[in-house]
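Student:
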Amino acid sequence: MFAPFAHARLLANLEATTGAPPTALLSHAGQLFVATAAGSLFVFTASAAAAELAKSFGSLRGTTQPIDGLCLLTEPRALAVLAAGNVSLHDPAQLTLLSSCQKWTRAQASALSPHAAVLRPAGSQLVPQPPGPPQHAAPPVLLSILAVPCRRRLVLFLWRDGQWLEPKEIALPHQVRSLVFPPRSASSSATPPATTPPSPSPSPPTAASRSATPSPTPSPRRSPASSPAPTPPRPCPSPRRKPPGSPAWHSRPPASPSSASPEQPSSPATPSSPPARPPTSSSASGNTSPPSSPSTENSPAPTPSSTPEPRRSPLASSTPPRPPSPSSDRPTCSRSSNPARPPPRSSSTPCPPSPTSKPSRSPPPPTRSHLTRHP
1 MFAPFAHARL LANLEATTGA PPTALLSHAG QLFVATAAGS LFVFTASAAA AELAKSFGSL
61 RGTTQPIDGL CLLTEPRALA VLAAGNVSLH DPAQLTLLSS CQKWTRAQAS ALSPHAAVLR
121 PAGSQLVPQP PGPPQHAAPP VLLSILAVPC RRRLVLFLWR DGQWLEPKEI ALPHQVRSLV
181 FPPRSASSSA TPPATTPPSP SPSPPTAASR SATPSPTPSP RRSPASSPAP TPPRPCPSPR
241 RKPPGSPAWH SRPPASPSSA SPEQPSSPAT PSSPPARPPT SSSASGNTSP PSSPSTENSP
301 APTPSSTPEP RRSPLASSTP PRPPSPSSDR PTCSRSSNPA RPPPRSSSTP CPPSPTSKPS
361 RSPPPPTRSH LTRHP
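Put into structure tokens, the structure is as follows:
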């Protein structure tokens, strides 16, 4: 049965050896780099018998701040150490300081992401070289990249064939959480792209195909004279308005029979004498009444007119006129308190006398002297 941890070697009492808990690990070329929280670095050699301590470096950066990350750059042959938000490069054999990148990291670095790629020059650019023997005369180029995210910035440290290039900085809209370089697929780069054969151009049509192909029948074109003229838009009818002085619609009298029937032609208007009226009960009982005037008897019957009759006030029809009081010389009349606008007159109230006309006086009552007899 396969056991993945059968050949593992145990580092017993690691914390007792280092004196602080480990914070970063790196394995390279049979060596194990162990960084601690106290800022020290220990190098162990892994052999078949056991792991032995080869080198130890206390206070690698001169401080006791913890080391957060370790990575090894192949082409510049340097060990990158991340501590206190800054990146420093050391010699992997003697762990001497080569350079410090504090000028670009500004104590904001959070991770280390190394990457190396073999490129070939194509004009003024570098493109990835496919695996296998080189197919071009130009020598390949080894490009080493160390990407360091610093909050909302990404700092790229570049080396071309082991030569230091000016770092590049990329501004980002958000803080970097993780960073991964995608692997380059060997199959896509080794296999040349498939080319599709050109499609044959269509041959020109022959005379037989032209005769067999039915020609489209053109649609008849209409002359502008035969096309119907567009009808103008119909104006919106204006609302009916009642002429001034006309009666209300609900009080309009019905039409007369002569005007309602259109079959009977209208004859010229000739005055016709109405039939004689029968004697009324008042004449039979002997009551004398003034004879009616001939104009009233000979006038035709009244026809309903369009003008409504004026309304009579109920006070005038129900209340009889009051006779003037005999005790007073002048007739009484109720006047309004406002002299500028007199009250409306009714048929029952007598008109007050004019100031210019003389008031009518009743004869004085008989006195006692008139009743006595003189001898």
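Its first residue numbered 1, the sequence shown is counted upward by one per residue in UniProt numbering.
Note that CB positions come from ideal geometry on N, CA and C, so glycine has one too.
1. State the DSSP-derived secondary structure class of Ser-299, mapped to helix, strand or coil.
2. Is Leu-26 helix, strand or coil when you go by DSSP?
3. Among the residues of its own chain, which have a CB less than 7 angstroms from the CB of Phe-57, if the five just before and after it don't count?
4. Just checking my contact of Pro-167 with Phe-157 at CB under 8 angstroms: how many whole Å lie between their CB atoms?
5. Taking Ala-117 as part of the beta strand (DSSP E), name the residues at either end of that continuous run.
6. Buried or exposed for residue 376, going by 16 or more other Cβ atoms inside 10 Å?
7. Between the C-alpha atoms of Ala-16 and Ala-51, what's the straight-line distance to the nearest angstrom?
8. Are the stretch 79-96 and the stretch 175-185 in contact at 8 angstroms, needing three or more beta carbon pairs?
9. Tell me the rounded alpha-carbon separation between Ala-147 and Leu-25.
10. Distance check for Gly-19 and residue 402, CA to CA, integer angstroms please.
11. Can you give me the C-alpha to C-alpha distance between Ala-54 and Gly-30, rounded to a whole angstrom?
12. Let's see if you can read the secondary structure: which residues bound the beta strand (DSSP E) around Thr-169?
13. Going by beta-carbon coordinates alone, are residue 389 and Gln-65 separated by less than 8 angstroms?
14. Rounded to whole angstroms, what is the Cα-Cα separation between Ala-122 and Ser-144?
15. Put Thr-17 into one of helix, strand or coil per three-state DSSP.
16. Determine the closest residue to Ala-116 out of Val-87, Pro-140 and Thr-36, with distance taken between C-alpha atoms.
17. What does the alpha-carbon distance come out to for the pair Ala-171 and Thr-105?
18. So, for Ala-284: in the same chain, excluding its five sequence neighbours on each side, which residues have a beta-carbon less than 8 angstroms away from its beta-carbon?
19. Can you tell which of Phe-33, Ser-124 and Leu-165 has the C-alpha that lies nearest to the C-alpha of Leu-72?
20. CA-CA distance, Ser-100 and Ile-67?
21. If you drop the 5 nearest sequence neighbours on each side, which residues of the same chain put their C-beta closer than 6 angstroms to that of Ala-107?
22. Would you mind working out which of Val-127, Leu-14, Pro-114 and Gln-175 sits nearest Arg-77, comparing C-alpha positions?
23. So residue 382 is in the beta strand (DSSP E); what residue range does that whole segment cover?
24. Give the secondary structure of Gln-102 by DSSP, where H, G and I count as helix, E and B as strand, and everything else as coil.
25. For Leu-14, which residues from the same chain have a beta carbon less than 8 angstroms from its beta carbon, with the 5 sequence-adjacent residues on both sides left out?
26. Report the rounded CA-to-CA distance for Ala-37 versus Leu-60, giving the unit in angstroms.
27. Give the straight-line distance between the Cα atoms of Leu-126 and Ser-110, rounded to the nearest whole angstrom.
28. So, Pro-153 versus Glu-169, is the Cβ gap smaller than 8 angstroms?
29. So, is Thr-288 buried or exposed, given that buried needs 16 or more other C-beta atoms within 10 angstroms?
30. Whose C-beta lies closer than 6 angstroms to the C-beta of Leu-165 among residues of the same chain, with five residues either side of it excluded?
31. Distance cutoff 8 angstroms, beta carbons only. Does Phe-57 sit that close to anything in chain B?
32. Starting from the C-beta of Phe-44, find all residues in its chain whose C-beta is less than 6 angstroms away, skip the five residues before and the five after it, and write them out in chain order.
33. Can you give me the C-alpha to C-alpha distance between His-28 and Asp-161, rounded to a whole angstrom?
34. Distance check for Arg-120 and Leu-98, CA to CA, integer angstroms please.
35. Who are the near neighbours of Ser-209 in its chain, counting only those whose CB is closer than 7 angstroms to its CB and skipping five residues on each side?
36. Of all the options Gln-163, Pro-183 and Val-155, which has the alpha carbon lying nearest to the alpha carbon of Gln-175?
Tutor: In this structure, then:
1. Counting from 1 along the sequence shown, the entry for residue 299 is found at position 299. Since pLDDT at Ser-299 reaches only 46, below the 50 mark, its modelled position is unreliable, and no value is offered.
2. Taking the sequence shown and counting its residues from 1, one reaches residue 26 at position 26. Looking at Leu-26 - three-state DSSP - the assignment turns out to be strand.
3. Within the sequence shown, numbered from 1, the residue matching residue 57 stands at position 57. Closer than 7 angstroms at the Cβ level, and outside the excluded window around Phe-57, lie Ser-40, Leu-41 and Leu-95.
4. By one-based count along the sequence shown, residue 167 stands at place 167. By one-based count along the sequence shown, residue 157 stands at place 157. Right, their Cβ atoms sit about 5 angstroms apart.
5. Within the sequence shown, the letter at position 117 stands for residue 117. 113-122 is the span of the beta strand (DSSP E), which, as asked, contains Ala-117.
6. Residue numbering for the chain in the displayed model covers 1 to 375; residue 376 lies beyond these limits and cannot be assessed.
7. Counting from one through the sequence shown, the residue named residue 16 turns up at place 16. Counting from one through the sequence shown, the residue named residue 51 turns up at place 51. Their backbone Cα atoms lie some 15 angstroms apart in a straight line.
8. no
9. In the sequence shown, counting from the first residue as 1, residue 147 sits at position 147. In the sequence shown, counting from the first residue as 1, residue 25 sits at position 25. Between Ala-147 and Leu-25, the C-alpha separation is close to 19 angstroms.
10. The structure shown does not extend to residue 402, since the chain is modelled only from 1 to 375, so the question has no answer here.
11. Position 54 of the sequence shown holds residue 54. Position 30 of the sequence shown holds residue 30. Rounded to the nearest angstrom, the two C-alpha atoms are 11 angstroms apart.
12. For the purposes of this step, residue 169 is identified with residue 169 of the sequence shown, where counting begins at 1. Per the sequence shown, residue 169 should be read as Glu rather than Thr. Glu-169 -> beta strand (DSSP E) spans 168-171.
13. The chain is shown from 1 up to 375; residue 389 falls before or after that span and cannot be answered.
14. Walking along the sequence shown from the start, residue 122 turns up at place 122. Walking along the sequence shown from the start, residue 144 turns up at place 144. Their Cα atoms are separated by approximately 18 angstroms.
15. As a position in the sequence shown, residue 17 is number 17, starting the count at 1. If DSSP states are grouped into helix, strand and coil, Thr-17 belongs with the helices.
16. As a first step, residue 116 must be located in the sequence shown, where it is residue number 116. Here the closest residue by C-alpha is Pro-140.
17. As a first step, residue 171 must be located in the sequence shown, where it is residue number 171. As a first step, residue 105 must be located in the sequence shown, where it is residue number 105. Roughly 13 angstroms between the two C-alpha positions.
18. For the purposes of this step, residue 284 is taken as the residue at position 284 of the sequence shown. With a pLDDT of only 39 at Ala-284, under 50, the local geometry of the prediction cannot be trusted, and no value is derived from it.
19. Position 72 of the sequence shown, counted from the start, is the residue given in the question as residue 72. Comparing Cα positions, the closest option is Phe-33.
20. For this step, residue 100 is matched to residue 100 along the sequence shown. For this step, residue 67 is matched to residue 67 along the sequence shown. Computed Cα separation, rounded: 15 angstroms.
21. By 1-based counting over the sequence shown, the position of residue 107 is 107. Excluding sequence neighbours, Ala-107 sits near Gly-85 and Asn-86.
22. Position 77 of the sequence shown holds residue 77. For Arg-77, the nearest C-alpha among the options comes from Pro-114.
23. Because residue 382 is not part of the residues shown, which for the chain are 1 to 375, the question remains open.
24. Counting from 1 along the sequence shown, the entry for residue 102 is found at position 102. Gln-102: helix per DSSP, three-state reduction.
25. Here the question's residue 14 lines up with position 14 in the sequence shown. The residues are Pro-22 and Val-34.
26. By 1-based counting over the sequence shown, the position of residue 37 is 37. By 1-based counting over the sequence shown, the position of residue 60 is 60. Rounded to the nearest angstrom, the two C-alpha atoms are 11 angstroms apart.
27. Taking the sequence shown and counting its residues from 1, the one referred to as residue 126 is at position 126. Taking the sequence shown and counting its residues from 1, the one referred to as residue 110 is at position 110. Spanning the two alpha carbons is a distance of roughly 29 angstroms.
28. As a first step, residue 153 must be located in the sequence shown, where it is residue number 153. As a first step, residue 169 must be located in the sequence shown, where it is residue number 169. Before going further, note that residue 153 is Arg rather than Pro in the sequence given. Yes. Within cutoff.
29. The residue given as residue 288 occupies position 288 in the sequence shown. Because the pLDDT of Thr-288 is 45, which lies under 50, any placement of that residue in the model is unreliable, and the number read from its coordinates should be weighed accordingly. Thr-288 comes out exposed.
30. Translated into positions along the sequence shown, residue 165 becomes position 165. So the qualifying residues of the chain are Leu-158.
31. Although the question refers to chain B, the structure presented lacks it and comprises just one protein chain.
32. Stepping through the sequence shown from its first residue, residue 44 is reached at position 44. Around Phe-44: Leu-32, Ala-51 and Leu-53.
33. Taking the first residue of the sequence shown as position 1, residue 28 is located at position 28. Taking the first residue of the sequence shown as position 1, residue 161 is located at position 161. Their backbone Cα atoms lie some 21 angstroms apart in a straight line.
34. As a first step, residue 98 must be located in the sequence shown, where it is residue number 98. As a first step, residue 120 must be located in the sequence shown, where it is residue number 120. Roughly 29 angstroms between the two C-alpha positions.
35. As a first step, residue 209 must be located in the sequence shown, where it is residue number 209. A caution first: Ser-209 carries a pLDDT of 49, below 50, which makes its placement in the model unreliable, though a value can still be read off. Within the same chain, Ser-209 has no close Cβ partners at all.
36. Position 175 of the sequence shown, counting from 1, holds the residue named residue 175. Nearest option by C-alpha distance: Val-155.
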